[in-house]
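In full-length UniProt numbering, the protein residues as written are 1 to 852.
Glycine included, each C-beta is placed from N, C-alpha and C at the ideal position.
Report on the following structure.
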Amino acid sequence: MALKRKLIYIDEKDVTDKIEKYSYKGDRCVIVFKNNSQEFSYGKNKVKIVKTALSGDKAFVLFKYLKEIAGAIRLTKEESESILSKNYDSISEIPEDCILSSFLNGTLPPSNNNSVNPDFFPFGFNLSQRNAVNTAFSNNLSVIEGPPGTGKTQTILNIIANAVLNGQSVAVVSSNNSATKNVYEKLEKNGIEFIAALLGNSQNKQEFIATQKEIPDLSKFNLTNIQKTEIKEKASTLVTQLSENLDKKNELATLKLQIDNFKTEYAHFKETHKAKTKKNVEFKKNITSEKILELWVSLEIVGKNQKKINFIKRFIYRLKYGIRDKAFYTNTLDKMIFICQSKYYPTKIRELSNRIEFLEHSLKNFAFDSKMKEYTEISMQLLKAELSKRYNQQKREPYTISELRSKSSEFIKDYPVIMSTTFSIRQSLSDKFLYDYVIIDEASQVDLATGALALSCAKRAVIVGDTKQLPNVVTKEIKIETDTIFNSYKLKKQYCYSNYSLLSSILELLPTVPKTLLKEHYRCHPKIIEFCNKKFYDNQLIVHTEYTTKRQPLIVYKTPQGNHARELMNQRQIDIIKEEIMPNEKLENVDLGIVTPYRNQTNALQTTFHGTSIKADTVDKFQGRENDVIILSTVDNVISDFTDNPNRLNVAVSRAIEQLILVVNGNESENDNNISDLIKFIEYNNFSIVQSELNSIFDLLYKGYEEERAKIIRKTGKVSEFDSENLMFGLIKEVLADEKFLKYDVIPHFPINQLIKDFSKLDEQETKFASNPLTHLDFLIYNKLGKIPILGIEVDGFEFHKLGTQQSRRDKMKDGILDKYNFPILRFNTNESNEKEKLKNKLNELKSAKCI
């Protein structure tokens, strides 16, 4: 069917298909009809030329490309792709106000200025979900990024509720039926599934036609205008109160994770310094952790200036910090700092505990859970009252399959919510029908060709998904075929079928698209999701799950060394799961899932555990599922890129609710990869770190110190009194923001004596230099998952550090000391350039050379 790039109306009648060509002569429109060479002249007021989404050359070419892609990928697929190609062939016009126009033109649609933020959430809400819903209604295109366990379905349900209340239609689609059925089941649970129709492919439509539901009796939900007003006012008040307390809940969740991390770090600190004797020094009663850090910085400044702590200074310290013991000042500077550090941890933990107790008490007094329940109940009551008014106890006549297309306008009034797959949505109702909204769920698994079809059906779109989870699978054959087609067009890379999902394409193509990250996480044990949070989500998630003592949340089992994997199957790992892990971890009668990268291992696991309740499958098949306990069998003798894929690992880890058990081969490996980062994270949190000549990094301690140091030194928040170091700090942060370096972090001014465990390799002069607490690295980059130091950075001022100066001799000694411990250091001179590339290259070199 020919594509209409413009629509031509004569006397309000669409005659596009009958016209060969048109032109303007003066104020007249001259038209030549098909099969008729005669020219007909019309006044401009009689003829209307309407643009479509394909009027522009760019959009037209891109649509042709997508249509060609649809034809190519049907070669290896079944029903979905024959439908896909057929649907593209059936498209003759796409209205200009269709949201697909924005995707084809690579431009953001205008904001939906006529919309008012609904602030109506009958399915409950948290702060980021509230923001996501409001953003969806104030923009014609928006993205909701939904990491695991953050309530994507709940957010979608609230968008549906508001759209229906507004008298709008919604299409909810995904690449498979399971996601949309999940939404339908939640509607059903609340007794309002009668507003939705599960359509799409022929089987779904036939099932729908055969089981059409009558409108239930909603009369009990009828409200008078006065009752509605009262309930709306009550709901509005509760939204405000709940939002204020949701802030408190988020703070509480953050503090609970923070206090656990401080306790873990404090345990490592005490283990590292157990040989040191700690004198009991009395500080001021109820001294704050901030004051302890202030004292630490003050002591360093005194030491740096090589001054003694005189009577006046001691008097000030007594007033500010409560130090009365004169013996405190007989200690070395290093010992005094150690006393401060030892006092800091329990003080900080006490402060966090007090704040947690206050927030818990405040939320208990507010009765948060009962208030949220009350809010959702009255909001659902309002929704049902509006539905009762809308349907007005009418008897809904059943539809035939043909009437789905012939009576689409009537049907959508009866069923304002349509659910389908992305590739079948155009089959559901008339080709001419435009939904007010399309919600595309799990959009990271929606390919460009089917995604464009879904966008062609609606005026507005909400794209929901997570680029950190598994994308749609493109086979090698399809990649070759579609890449050939892509290369024959001159298109932006974001339209490449084999490299981009709909979600990733839109995020790159339209970087300023309004988007909301759902931050509040409710599924996994905090320690399990903390790995994903630190590794993949840059610590943006707020973990609301509670700590449990039933199971150790993270465990690593290693097989004996050897090449146990054969043809993507590892019998030794299966034996360990069956004979060691199952009895040791008491996994009988437990909701257990076993995930693995490979189908061969899955088949072997399913045979082994046949007849049990244990679910075994590939990681890809587990996306969207969860179990109390997950065993991840990695299979590989040496971890492959396929197993180590970050999206695959993120999905695997985040399936576990209470416990994650990682099974790996026991072969020694120096490789730096995502699996090794998970092992480091588990070892750090389980206190089973392999001994090294270098200490773990106490980053919580030093970050708190650095904040206080910056306040005291310059009152500007800068990390250094030297501009060169401030510039370098900004550059390091910029480099570490790159996705492949997200696992690293940086600490400024890190003392050498906190890096090296013992000084046995050093001579007397080196020991004296290294043990001085003022001898530091300008910056220390470390792996934040295992708190492992990986690289020192030094910024050398040209004059201060030039050859022959005392500082250059210190630099040489520092380099020699670190070389004895095989610890790399990278120096930047202030008169050089290209620092960013040098740092990136060094990090890449270290990643490939050893496990960091």
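Which of helix, strand or coil DSSP assigns to residue i
i, result
"V653", "helix"
"T376", "helix"
"L491", "coil"
"G593", "strand"
"G717", "Residue confidence for G717 is low, a pLDDT of 44 falling below 50, so the modelled location carries little weight; the figure read from the coordinates is stated next. In the structure shown, G717 sits in coil (DSSP, three-state: anything other than H, G, I, E or B)."
"I439", "strand"
"D260", "helix"
"R827", "strand"
"K71", "Here residue 71 turns out to be Gly, not Lys, going by the sequence shown. Helix, per DSSP."
"S696", "coil"
"F63", "helix"
"A275", "coil"
"K459", "strand"
"Y557", "strand"
"P95", "strand"
"N841", "helix"
"K48", "strand"
"V239", "helix"
"I639", "coil"
"H268", "helix"
"E78", "Reliability of the predicted coordinates at E78 is poor, the pLDDT of 46 falling under 50, and no value is obtained from them."
"T516", "strand"
"T548", "coil"
"T288", "coil"
"Y88", "helix"
"D17", "helix"
"K743", "coil"
Supposed close pair residue i, residue j - CB separation, criterion 8 Å
i, j, result
"Y537", "I661", "About 23 Å separates the two Cβ atoms, so there is no contact after all."
"K459", "D436", "6 Å"
"P416", "I195", "6 Å"
"K343", "F283", "6 Å"
"T559", "I574", "With a Cβ gap of about 10 Å, T559 and I574 do not count as contacting."
"K615", "N627", "7 Å"
"H268", "S688", "No, H268 and S688 are not in contact; Cβ-Cβ is about 12 Å, not under 8 Å."
"S444", "D414", "The Cβ separation is near 33 Å, so there is no contact."
"R551", "H564", "So it is not a contact: roughly 27 Å between Cβ atoms."
"T618", "Y598", "7 Å"
"K680", "G786", "3 Å"
Opposing strand residues paired with residue i [DSSP bridges]
i, result
"C496", "Answer is none; C496 lacks a bridge partner."
"F779", "P748 and I793"
"N726", "BP columns for N726 are empty, so no partner."
"E39", "V32"
"D447", "S501"
"R566", "M569"
"I630", "G593 and L660"
"I309", "Per DSSP, none; premise fails for I309."
"M419", "V172 and L198"
"L7", "V50"
"K812", "K812 pairs with nothing; no bridge assigned."
"G465", "E145"
"T332", "Answer is none; T332 lacks a bridge partner."
"T618", "T596"
Candidates the options: closest to residue i by CA position
i, options, result
"I817", "Q806, I788, D758 and Y782", "D758"
"I793", "N822, I679 and F750", "F750"
"N541", "F125, N753, L517 and P560", "In the sequence under discussion, the amino acid at residue 541 is Leu, which differs from the Asn named in the question. The option with the nearest alpha carbon to L541 is L517."
"N134", "A163, T153 and L7", "A163"
"L252", "N665, E290 and S353", "S353"
"K308", "N331, T421, K248 and M728", "N331"
"V462", "I160, Q494, K364 and L62", "I160"
"Q765", "R810, I790 and H776", "R810"
"S420", "N176, D17 and D14", "N176"
"E693", "I790, I732, N686 and L54", "I790"
"V47", "L7, D89, S406 and K249", "L7"
"G26", "D644, E20 and K44", "K44"
"D591", "A53, V629 and Q623", "V629"
"I756", "F823, S85 and L84", "F823"
"residue 864", "Y9, M336 and E230", "Since the first and last residues shown for the chain are 1 and 852, residue 864 lies out of range."
CB contact check: residue i to chain D, cutoff 7 Å
i, result
"Q381", "Here there is only one protein chain, and chain D is not present."
My parser needs the alpha helix (DSSP H) runs of 4 or more residues fully inside the stretch 125–207; what are they? 127–138, 152–165 and 177–189
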